[in-house]
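Per full-length UniProt numbering, the sequence shown runs over residues 1 to 318.
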Amino acid sequence: MASLIRLLHPARRALPRALTTASIVILRPAAVVSPVGRRYFSQTLSAKAEEKEEGEEDEEVAELTSEGITFEEDSDTSSPPRKPEPTPAIISALEVISRITPTPGDITAPSNPQLAYLRLLVEYGAPNPEELHENITRQEASAWIDRATPVTQVPATPGQWRRARWLINFGYAPEEKLRKGMRSVEMKAWLDAGAKKMKEKDEARRANPVLRAKPASEKQLRRAAYLAELSEPPIPLPWGEGAPTRGEAGDFIQRRGEELKSEGKLWLAGAPLPEQRDDPPSGRLVNAAKRLGIDPGRKTRGQLSDEVSEIKRVKERA
(Lines of atoms letter the chains of each structure in order from A and count residues from 1; the text may use other names and numbers.)
(Lines give C-alpha, C1' and ligand atoms only; values in the text may rest on other atoms or scores of the structure.)
Protein backbone atom coordinates (compact mmCIF):
# COMPACT_ATOMS: atom_id res chain seq x y z
CA MET A 1 0.00 0.00 0.00
CA ALA A 2 1.31 3.35 -0.96
CA SER A 3 2.67 5.42 1.85
CA LEU A 4 0.77 8.53 2.78
CA ILE A 5 2.23 11.94 3.45
CA ARG A 6 -0.01 13.91 5.73
CA LEU A 7 0.55 17.62 5.43
CA LEU A 8 -0.10 19.87 8.39
CA HIS A 9 -2.75 22.58 8.31
CA PRO A 10 -1.46 25.56 6.25
CA ALA A 11 -1.77 27.90 9.20
CA ARG A 12 0.64 25.76 11.20
CA ARG A 13 3.60 25.61 8.86
CA ALA A 14 4.84 26.56 5.42
CA LEU A 15 4.24 24.19 2.55
CA PRO A 16 7.04 22.46 0.63
CA ARG A 17 8.31 24.12 -2.52
CA ALA A 18 8.09 20.97 -4.61
CA LEU A 19 5.71 18.02 -4.59
CA THR A 20 6.46 14.66 -6.14
CA THR A 21 2.92 13.40 -5.86
CA ALA A 22 0.16 13.92 -8.35
CA SER A 23 -3.19 12.71 -7.13
CA ILE A 24 -5.00 13.39 -3.92
CA VAL A 25 -6.64 10.93 -1.60
CA ILE A 26 -9.67 12.46 0.06
CA LEU A 27 -9.89 11.59 3.74
CA ARG A 28 -12.47 12.84 6.21
CA PRO A 29 -10.85 15.11 8.80
CA ALA A 30 -10.49 13.84 12.30
CA ALA A 31 -11.91 17.03 13.75
CA VAL A 32 -15.64 17.10 14.39
CA VAL A 33 -17.48 19.78 12.45
CA SER A 34 -20.57 21.30 14.04
CA PRO A 35 -23.87 20.94 12.17
CA VAL A 36 -24.32 24.69 12.32
CA GLY A 37 -21.05 25.12 10.44
CA ARG A 38 -22.18 22.78 7.70
CA ARG A 39 -25.50 24.55 7.38
CA TYR A 40 -23.95 27.73 6.17
CA PHE A 41 -21.26 26.15 3.97
CA SER A 42 -22.52 27.42 0.64
CA GLN A 43 -22.86 30.98 1.92
CA THR A 44 -19.93 31.31 4.28
CA LEU A 45 -17.16 28.86 3.49
CA SER A 46 -16.90 29.69 -0.18
CA ALA A 47 -16.41 33.30 0.77
CA LYS A 48 -13.87 32.46 3.45
CA ALA A 49 -11.99 30.35 0.95
CA GLU A 50 -11.50 33.45 -1.19
CA GLU A 51 -9.66 35.26 1.58
CA LYS A 52 -5.99 35.66 0.78
CA GLU A 53 -3.66 34.19 3.35
CA GLU A 54 -0.80 36.38 4.45
CA GLY A 55 2.37 35.86 2.46
CA GLU A 56 0.64 33.79 -0.19
CA GLU A 57 1.59 34.14 -3.86
CA ASP A 58 -0.95 33.44 -6.57
CA GLU A 59 1.67 32.00 -8.90
CA GLU A 60 2.47 29.12 -6.57
CA VAL A 61 -0.56 27.09 -7.56
CA ALA A 62 1.22 23.77 -7.01
CA GLU A 63 1.74 24.57 -3.35
CA LEU A 64 -1.88 25.50 -2.81
CA THR A 65 -3.08 22.13 -4.08
CA SER A 66 -1.62 20.46 -1.01
CA GLU A 67 -3.06 22.65 1.72
CA GLY A 68 -4.79 20.45 4.28
CA ILE A 69 -5.01 17.54 1.80
CA THR A 70 -3.36 14.12 1.87
CA PHE A 71 -1.42 12.87 -1.16
CA GLU A 72 -0.66 9.35 -2.34
CA GLU A 73 2.76 8.72 -3.89
CA ASP A 74 1.95 6.03 -6.46
CA SER A 75 -0.85 7.85 -8.19
CA ASP A 76 -1.86 9.12 -11.59
CA THR A 77 0.11 12.08 -12.97
CA SER A 78 -1.37 15.00 -14.89
CA SER A 79 0.71 17.72 -16.46
CA PRO A 80 -0.61 21.19 -15.67
CA PRO A 81 -1.19 23.62 -18.55
CA ARG A 82 1.87 25.56 -19.68
CA LYS A 83 2.11 29.23 -20.54
CA PRO A 84 2.93 29.90 -24.19
CA GLU A 85 5.77 32.18 -25.19
CA PRO A 86 4.60 35.79 -24.82
CA THR A 87 3.52 37.24 -28.15
CA PRO A 88 3.15 40.96 -28.90
CA ALA A 89 -0.64 40.55 -28.53
CA ILE A 90 -0.25 38.91 -25.11
CA ILE A 91 2.23 41.54 -23.90
CA SER A 92 -0.01 44.35 -25.11
CA ALA A 93 -3.12 42.87 -23.45
CA LEU A 94 -1.28 42.41 -20.14
CA GLU A 95 -0.19 46.05 -20.26
CA VAL A 96 -3.80 47.10 -20.85
CA ILE A 97 -5.02 45.05 -17.88
CA SER A 98 -2.32 46.49 -15.63
CA ARG A 99 -3.58 50.01 -16.41
CA ILE A 100 -7.17 49.25 -15.38
CA THR A 101 -7.70 50.59 -11.85
CA PRO A 102 -11.27 50.16 -10.57
CA THR A 103 -12.67 53.03 -8.52
CA PRO A 104 -13.97 51.82 -5.12
CA GLY A 105 -17.72 51.41 -5.29
CA ASP A 106 -17.86 51.55 -9.11
CA ILE A 107 -19.96 48.53 -10.09
CA THR A 108 -19.56 49.21 -13.83
CA ALA A 109 -15.79 48.62 -13.84
CA PRO A 110 -14.24 45.13 -13.74
CA SER A 111 -13.78 43.77 -10.24
CA ASN A 112 -10.33 42.86 -8.91
CA PRO A 113 -11.06 39.09 -9.17
CA GLN A 114 -12.13 39.63 -12.79
CA LEU A 115 -8.91 41.48 -13.58
CA ALA A 116 -6.84 38.72 -11.98
CA TYR A 117 -8.62 36.08 -14.06
CA LEU A 118 -8.35 38.14 -17.23
CA ARG A 119 -4.61 38.32 -16.64
CA LEU A 120 -4.42 34.55 -16.08
CA LEU A 121 -6.37 33.78 -19.25
CA VAL A 122 -4.20 36.09 -21.35
CA GLU A 123 -0.98 34.64 -19.90
CA TYR A 124 -2.14 31.16 -20.93
CA GLY A 125 -2.91 32.15 -24.49
CA ALA A 126 -6.64 32.94 -24.51
CA PRO A 127 -7.82 33.90 -28.01
CA ASN A 128 -8.59 37.48 -29.04
CA PRO A 129 -6.65 39.33 -26.32
CA GLU A 130 -6.80 42.44 -28.52
CA GLU A 131 -10.49 42.79 -27.57
CA LEU A 132 -9.48 43.94 -24.09
CA HIS A 133 -9.21 47.69 -23.59
CA GLU A 134 -8.75 50.13 -20.72
CA ASN A 135 -12.41 51.19 -20.67
CA ILE A 136 -13.82 47.66 -20.63
CA THR A 137 -16.91 47.32 -18.43
CA ARG A 138 -17.59 44.61 -15.88
CA GLN A 139 -20.24 43.12 -18.15
CA GLU A 140 -17.89 43.09 -21.15
CA ALA A 141 -15.12 41.53 -19.07
CA SER A 142 -17.51 38.84 -17.86
CA ALA A 143 -18.59 38.05 -21.43
CA TRP A 144 -14.96 37.85 -22.58
CA ILE A 145 -14.10 35.51 -19.71
CA ASP A 146 -17.10 33.30 -20.55
CA ARG A 147 -15.90 32.99 -24.16
CA ALA A 148 -12.25 32.41 -23.32
CA THR A 149 -12.51 30.00 -20.39
CA PRO A 150 -13.79 26.88 -22.24
CA VAL A 151 -11.09 27.12 -24.91
CA THR A 152 -8.09 28.08 -22.77
CA GLN A 153 -5.92 25.61 -20.88
CA VAL A 154 -5.70 27.42 -17.53
CA PRO A 155 -4.69 25.67 -14.29
CA ALA A 156 -7.06 25.62 -11.35
CA THR A 157 -6.73 28.90 -9.47
CA PRO A 158 -5.57 29.33 -5.87
CA GLY A 159 -9.10 30.32 -4.90
CA GLN A 160 -10.47 27.10 -6.40
CA TRP A 161 -7.96 25.00 -4.47
CA ARG A 162 -8.91 26.79 -1.26
CA ARG A 163 -12.61 26.08 -1.87
CA ALA A 164 -11.75 22.44 -2.54
CA ARG A 165 -9.91 22.27 0.78
CA TRP A 166 -12.93 23.73 2.58
CA LEU A 167 -15.23 21.16 0.98
CA ILE A 168 -12.96 18.34 2.07
CA ASN A 169 -12.57 19.71 5.58
CA PHE A 170 -16.33 19.91 5.92
CA GLY A 171 -16.88 16.28 5.06
CA TYR A 172 -17.20 16.10 1.28
CA ALA A 173 -16.05 12.70 -0.03
CA PRO A 174 -16.04 13.03 -3.84
CA GLU A 175 -16.29 10.23 -6.36
CA GLU A 176 -13.66 11.89 -8.55
CA LYS A 177 -10.21 12.42 -7.04
CA LEU A 178 -8.49 15.75 -7.29
CA ARG A 179 -5.40 15.82 -9.49
CA LYS A 180 -2.45 18.13 -9.08
CA GLY A 181 -2.53 19.34 -12.70
CA MET A 182 -6.27 20.01 -12.95
CA ARG A 183 -7.55 22.71 -15.30
CA SER A 184 -9.75 25.49 -14.00
CA VAL A 185 -12.81 24.18 -15.88
CA GLU A 186 -12.26 20.70 -14.43
CA MET A 187 -11.96 22.10 -10.94
CA LYS A 188 -15.11 24.17 -11.43
CA ALA A 189 -17.06 21.01 -12.29
CA TRP A 190 -15.57 19.29 -9.22
CA LEU A 191 -16.52 22.21 -6.97
CA ASP A 192 -20.03 22.47 -8.41
CA ALA A 193 -20.60 18.77 -7.74
CA GLY A 194 -19.26 19.15 -4.21
CA ALA A 195 -21.43 22.17 -3.43
CA LYS A 196 -24.51 20.33 -4.73
CA LYS A 197 -23.80 17.26 -2.59
CA MET A 198 -23.18 19.35 0.51
CA LYS A 199 -26.40 21.30 -0.09
CA GLU A 200 -28.38 18.06 -0.41
CA LYS A 201 -26.77 16.76 2.76
CA ASP A 202 -27.57 19.98 4.57
CA GLU A 203 -31.20 19.96 3.43
CA ALA A 204 -31.60 16.35 4.53
CA ARG A 205 -30.12 17.17 7.92
CA ARG A 206 -32.40 20.17 8.40
CA ALA A 207 -35.44 18.05 7.45
CA ASN A 208 -34.57 15.57 10.21
CA PRO A 209 -37.65 15.48 12.50
CA VAL A 210 -35.53 15.00 15.61
CA LEU A 211 -33.51 18.13 14.85
CA ARG A 212 -36.60 20.14 13.89
CA ALA A 213 -38.27 19.27 17.18
CA LYS A 214 -35.47 20.79 19.26
CA PRO A 215 -35.96 24.26 20.78
CA ALA A 216 -35.10 27.16 18.51
CA SER A 217 -31.69 28.68 19.12
CA GLU A 218 -31.28 32.18 20.52
CA LYS A 219 -29.79 33.24 17.18
CA GLN A 220 -32.88 31.98 15.32
CA LEU A 221 -35.20 33.83 17.70
CA ARG A 222 -33.32 37.12 17.24
CA ARG A 223 -33.27 36.77 13.45
CA ALA A 224 -36.98 35.88 13.32
CA ALA A 225 -37.90 38.90 15.47
CA TYR A 226 -35.76 41.16 13.27
CA LEU A 227 -37.39 39.89 10.05
CA ALA A 228 -40.87 40.31 11.54
CA GLU A 229 -40.09 43.96 12.36
CA LEU A 230 -39.11 44.69 8.75
CA SER A 231 -42.76 44.66 7.67
CA GLU A 232 -44.90 47.78 7.91
CA PRO A 233 -46.69 47.26 10.22
CA PRO A 234 -44.61 44.50 11.86
CA ILE A 235 -46.10 41.05 11.39
CA PRO A 236 -46.78 38.87 14.45
CA LEU A 237 -44.59 35.85 15.02
CA PRO A 238 -46.49 32.62 14.28
CA TRP A 239 -45.75 31.21 17.72
CA GLY A 240 -46.80 34.31 19.62
CA GLU A 241 -45.44 34.25 23.17
CA GLY A 242 -44.71 30.54 22.98
CA ALA A 243 -41.40 28.77 22.51
CA PRO A 244 -40.96 27.68 18.89
CA THR A 245 -39.05 24.65 17.73
CA ARG A 246 -35.99 24.91 15.55
CA GLY A 247 -38.04 23.78 12.58
CA GLU A 248 -40.77 26.39 13.13
CA ALA A 249 -38.27 29.22 13.49
CA GLY A 250 -36.29 28.04 10.47
CA ASP A 251 -39.42 27.83 8.31
CA PHE A 252 -40.42 31.38 9.27
CA ILE A 253 -36.95 32.77 8.54
CA GLN A 254 -36.85 31.05 5.16
CA ARG A 255 -40.36 32.23 4.25
CA ARG A 256 -39.60 35.84 5.19
CA GLY A 257 -36.41 35.69 3.12
CA GLU A 258 -38.41 34.55 0.09
CA GLU A 259 -40.95 37.34 0.65
CA LEU A 260 -38.20 39.96 0.86
CA LYS A 261 -36.65 38.58 -2.32
CA SER A 262 -39.97 38.92 -4.16
CA GLU A 263 -40.13 42.54 -2.94
CA GLY A 264 -36.61 43.26 -4.19
CA LYS A 265 -35.30 43.56 -0.62
CA LEU A 266 -33.34 40.33 -0.23
CA TRP A 267 -30.33 42.32 1.01
CA LEU A 268 -32.32 43.12 4.17
CA ALA A 269 -32.64 39.45 5.13
CA GLY A 270 -28.92 39.08 5.75
CA ALA A 271 -28.28 42.49 7.32
CA PRO A 272 -26.63 42.43 10.76
CA LEU A 273 -28.92 42.60 13.77
CA PRO A 274 -28.85 45.90 15.70
CA GLU A 275 -26.66 44.39 18.41
CA GLN A 276 -24.19 43.13 15.78
CA ARG A 277 -23.59 46.43 13.99
CA ASP A 278 -20.52 47.38 16.06
CA ASP A 279 -18.91 43.95 15.62
CA PRO A 280 -16.01 43.35 13.21
CA PRO A 281 -17.24 42.36 9.74
CA SER A 282 -17.37 38.68 8.86
CA GLY A 283 -15.09 37.17 6.22
CA ARG A 284 -18.07 36.75 3.92
CA LEU A 285 -18.99 40.43 4.21
CA VAL A 286 -15.39 41.55 3.66
CA ASN A 287 -15.14 39.49 0.48
CA ALA A 288 -18.50 40.77 -0.76
CA ALA A 289 -17.26 44.32 -0.22
CA LYS A 290 -14.00 43.67 -2.07
CA ARG A 291 -15.85 42.16 -5.03
CA LEU A 292 -17.87 45.38 -5.26
CA GLY A 293 -14.74 47.52 -5.09
CA ILE A 294 -15.27 48.68 -1.49
CA ASP A 295 -12.27 49.05 0.81
CA PRO A 296 -13.27 47.37 4.13
CA GLY A 297 -10.65 49.41 5.99
CA ARG A 298 -11.51 49.51 9.70
CA LYS A 299 -15.26 49.65 9.16
CA THR A 300 -17.66 47.91 11.54
CA ARG A 301 -19.97 45.16 10.42
CA GLY A 302 -22.88 47.61 10.26
CA GLN A 303 -21.00 50.26 8.30
CA LEU A 304 -19.67 47.80 5.74
CA SER A 305 -23.04 46.07 5.42
CA ASP A 306 -24.71 49.42 4.71
CA GLU A 307 -22.23 50.23 1.92
CA VAL A 308 -22.60 46.79 0.34
CA SER A 309 -26.39 46.99 0.57
CA GLU A 310 -26.49 50.44 -1.03
CA ILE A 311 -24.46 49.29 -4.04
CA LYS A 312 -26.68 46.22 -4.40
CA ARG A 313 -29.80 48.38 -4.30
CA VAL A 314 -28.36 50.63 -7.02
CA LYS A 315 -27.45 47.58 -9.06
CA GLU A 316 -30.98 46.16 -8.72
CA ARG A 317 -32.49 49.44 -9.95
CA ALA A 318 -30.09 49.70 -12.90
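Don't be surprised by glycine CBs; every beta carbon is placed ideally from N, CA and C. Everything numeric in this text was worked out from a predicted model, so none of it was measured.
Setting aside the 5 residues that flank it on each side, Thr137 is surrounded in the same chain by Thr108, Ala109 and Pro110, each with a C-beta closer than 8 Å to its C-beta; the list follows chain order. Annotation: the continuous alpha helix (DSSP H) that includes Ile90 extends over Pro88 to Ser98.
The beta-bridge partner set that DSSP reports for Pro155 consists of Arg183. In the three-state DSSP reduction, Pro209 falls in the helix class (H, G or I).
Residue burial annotation: Ala156 is buried, with at least 16 other C-beta atoms found within 10 angstroms of its C-beta. Distance from Met198 to Phe170 at the Cβ level is roughly 7 Å; contact confirmed, criterion being Cβ atoms closer than 8 Å. Judged by their CB atoms, Leu118 and Ile90 are not nearer to each other than the 8 Å cut-off. Using a C-beta cut-off of 8 Å, the region 112-131 makes contact with the region 149-163, since at least three inter-stretch Cβ pairs fall below that distance. The region 189-197 and the region 206-213 do not touch, with fewer than 3 CB-CB distances between them shorter than 8 Å.
Straight through space, the alpha carbons of Thr87 and Ala269 are spaced by roughly 49 Å.
With 16 or more neighbouring CB atoms inside 10 Å of its own CB, Asn287 falls in the buried class.
In the DSSP assignment, Lys261 falls within the unbroken alpha helix (DSSP H) covering Arg246 to Ser262.
As the crow flies, the alpha-carbon of Leu292 is around 16 Å from that of Gly302. Shown here, Pro129 sits in a helix according to DSSP, grouped into three states. Across the set Glu248, Gly194 and Ala173, the C-alpha of Glu248 shows the shortest separation from the C-alpha of Ala207. Per DSSP, the unbroken alpha helix (DSSP H) holding Asp146 starts and ends at Arg138 to Ala148. The Cβ-Cβ distance between Gly181 and Pro84 does not fall below 8 Å. Distance from the CA atom of Ala93 to the CA atom of Ala224, rounded to whole angstroms, is 50 Å. In the three-state DSSP reduction, Pro102 falls in the coil class, being neither helix nor strand.
Straight-line spacing of the CA atoms in Leu120 and Gln114 works out to 10 Å.
Looking at the DSSP output, Pro280 sits in no beta bridge, so it has no partner there. Taking the Cβ atoms as the reference, Pro174 lies roughly 7 Å from Ala193, within the contact range of under 8 Å.
In the DSSP assignment, Arg82 falls outside any alpha helix (DSSP H) and carries neither an H nor an E. Collapsing the DSSP output to three states places Pro215 in a strand.
A contact between stretches requires three or more CB pairs, one per stretch, nearer than 8 Å, and the region 221-235 meets this requirement with the region 253-272.
Close CB contacts of Pro244 within its chain, under the 7 Å cut and outside five residues either way in sequence, are with Ala216 (chain order). In terms of CA proximity to Ala195, Tyr172 leads the group Arg179, Ala271, Ala204 and Tyr172.
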